[in-house]
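Inspection log for the structure reproduced underneath, given as structure tokens.
Number of protein chains: 2
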Amino acid sequence: MTSLDELAGTARAGTLYGIGVGPGDVRYLTLRAAGLVRAVDVVAFFAKRGQVGNARRIVAPLMKDGQAEARLEYPVTDEIPAEHPDYQSRIAGFYRASAESLAALLHEGKSVGLIAEGDPFFYGSFMHMWRRLASGFPVEVVPGVTGMSGCWTRANLPMTWGNDTLSVLPGTLAEDMLVERLQRTDAAVVMKVGKNLAKVRRAVERAGLLSRAVYVERGTMQDERIVPLADCDAPRGAYFAMVLIPGEGRRL
Amino acid sequence: MTSLDELAGTARAGTLYGIGVGPGDVRYLTLRAAGLVRAVDVVAFFAKRGQVGNARRIVAPLMKDGQAEARLEYPVTDEIPAEHPDYQSRIAGFYRASAESLAALLHEGKSVGLIAEGDPFFYGSFMHMWRRLASGFPVEVVPGVTGMSGCWTRANLPMTWGNDTLSVLPGTLAEDMLVERLQRTDAAVVMKVGKNLAKVRRAVERAGLLSRAVYVERGTMQDERIVPLADCDAPRGAYFAMVLIPGEGRRL
């Protein structure tokens, strides 16, 4: 029997780690992720202006006293729509500068762990660093429990059975497109519900799925909220909200 | 700073734990999952006849000497097609008997951890126990890193960017249906490729996605194999094989 700390392993100098930290509960970091958070010279993270940063908050119980941190702060979040050219150029510039600052640390021989909510390769900001740095430095990516797994676990919803198909859809899709996609799947997860809650609810209802749909906000975090979508009358939901529609495939 | 063992927590008497053990590498168990594997009175697992059981093999480095186990052995695997009534009745009887044997352990006050590859609520056999036992016993489900996250991590494929949609499709779908679904998504994961490899490859090619598609077998396990789908000419693949088609959404 090996101790958990031994299994978790160590970090190598000059290496970039993309560390999935899971949906919110610190106990849902993997052994490798938890080990790396402690082992790296610098813990890097993205955060919105004026906020702690969600990934940073998740790993707080694991951090060592005085461990170096690199806070990468978005110059803009949702004050400008993501489709706007100003948003895109400012964020692209920010990602470029962030990659440069991480590269400087790596050149000094530091091991750098960029923590990412959920899984780094599933809608993660980490990917914007990875595509700039993976050709120049050794990189290890550590997969994580996704936000959607955390949400369906807490909502007590087995999601996909037998040969069910699952569609993951952003709530930003046009209403008619959402209806069409929902009608052509067995199970569905609608992400980025936030401002799109009223539209998502209408689309789910038009697809005939309202009775099966569950709204989950901040799943596995301290202030999680889980309610039938049919009971959500508010025009908008929380930023970390998703709608889950479980499949009804083969039960044996 | 808290030790990993402390964070992992303990198990309660008479409780059923559905423990996601991730895609294959023992370091990809969560802290809670690893803690529970050690803490429960009985580690239960499904296995095919004559095999160790994949979940059981994953957790081997964590097991305590002499820890009690409950092996639940499928009476049939792929000798009979899953759609055949004989298969369905034999498996249903097996799940019923398995649930009864777990219930007997729980009635004795034992804590029972049923380990599940990937995430317990995502195509997991655990769900068939959950629906029989969750109303009668306290249950805790621990989400896990899915097999698909493990595969796209090892294949170095960031999967979903910006507002990409993701479709998870079983390779058992008819070829025309696969083509249609692949044409209406940005990113896709085709599971259960095994016997369906030739059909899946034809469907991906007809959908115009062959150049982006990657075949991954036993991702994160010792004998993993990752090749462009275009290079897979064999009529069938391994049981634990999937095809990944990454999205091409917004890169900033």
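In order, the protein sequences belong to chains S and B.
Residue 252 is where the first sequence ends in our numbering, and the numbering goes up by one at each step.
Residue 1252 is where the second sequence ends in our numbering, and the numbering goes up by one at each step.
Ideal Cβ positions, reconstructed from N, Cα and C, are used throughout, including at glycine.
Below-8 Å beta-carbon distance, residue i vs any chain S residue
| i | result |
| --- | --- |
| N1196 of chain B | no |
| A1097 of chain B | no |
| A1034 of chain B | yes |
| L1102 of chain B | no |
| P1138 of chain B | no |
| S1149 of chain B | yes |
| L1244 of chain B | no |
| R1049 of chain B | no |
| L1252 of chain B | yes |
| G1144 of chain B | yes |
| G1237 of chain B | no |
| G1022 of chain B | yes |
Residues bridged to residue i [DSSP beta-bridge criterion]
| i | result |
| --- | --- |
| L1169 of chain B | B:V1190 |
| M242 of chain S | S:V216 |
| Y1017 of chain B | B:G1113 and B:E1140 |
| E1069 of chain B | B:V1043 |
| T160 of chain S | B:F1122 |
| G1150 of chain B | Its beta-bridge partners do not exist; DSSP assigns none. |
| T1030 of chain B | S:T30 |
| G35 of chain S | Paired residues: none, contrary to the question. |
| G22 of chain S | S:G118 |
Interface flag, residue i vs chain B, CB-CB below 8 Å
| i | result |
| --- | --- |
| R27 of chain S | yes |
| F45 of chain S | no |
| L114 of chain S | no |
| V168 of chain S | yes |
| T153 of chain S | yes |
| L31 of chain S | yes |
| R181 of chain S | yes |
| V57 of chain S | Correcting the residue identity first, residue 57 of chain S is Arg in this sequence and not Val. No, because no Cβ of chain B sits closer than 8 Å to the Cβ of R57 of chain S. |
| R184 of chain S | yes |
Contact list for residue i against chain S, beta-carbon separation under 7 Å
| i | result |
| --- | --- |
| P1158 of chain B | F121, M127 and W130 |
Chain S contact residues for residue i, given Cβ-Cβ distances below 8 Å
| i | result |
| --- | --- |
| T1172 of chain B | N163 |
Contact list for residue i against chain B, beta-carbon separation under 7 Å
| i | result |
| --- | --- |
| V141 of chain S | T1153 |
| R202 of chain S | Going along chain B, no residue has its Cβ under 7 Å from R202 of chain S, so there is no contact; the nearest lies around 19 Å. |
To be precise: take each residue of the stretch 1079-1095 of chain B, compare its Cβ to all Cβ atoms of chain S, and keep it if any distance is under 8 Å. Which residues remain? Going along the stretch 1079-1095 of chain B in chain order, one finds A1082, Q1088, I1091, A1092 and Y1095 with a Cβ nearer than 8 Å to chain S.
Name, going along the chain, the residues of the stretch 1002-1015 of chain B whose beta-carbon falls closer than 8 Å to a beta-carbon of chain S. Answer in chain order: T1002, S1003, L1004, D1005, L1007, A1008 and G1009.
Chain-ordered residues of the stretch 1207-1228 of chain B with a beta carbon less than 7 Å from chain S: When C-beta distances to chain S are compared with 7 Å, every residue of the stretch 1207-1228 of chain B stays at or above that value.
Please list the residues of the stretch 61-75 of chain S that have a C-beta atom closer than 8 Å to any C-beta atom in chain B, keeping them in chain order. Residues of the stretch 61-75 of chain S that bring their beta carbon within less than 8 Å of a beta carbon in chain B comprise P61, L62, M63, K64 and D65, in sequence order.
Runs of beta strand (DSSP E) lying entirely within the stretch 206-240 of chain S, each at least 3 residues, in chain order: Taking only runs of at least 3 residues, the beta strand (DSSP E) segments lying wholly in the stretch 206-240 of chain S are 214-217 and 225-228.
Kindly provide the ranges of any alpha helix (DSSP H) runs that are 4 or more residues long and lie completely inside the stretch 1083-1136 of chain B, ordered along the chain. Taken in chain order, the unbroken stretches of alpha helix (DSSP H) that lie wholly in the stretch 1083-1136 of chain B and span 4 residues or more are 1085-1107 and 1126-1133.
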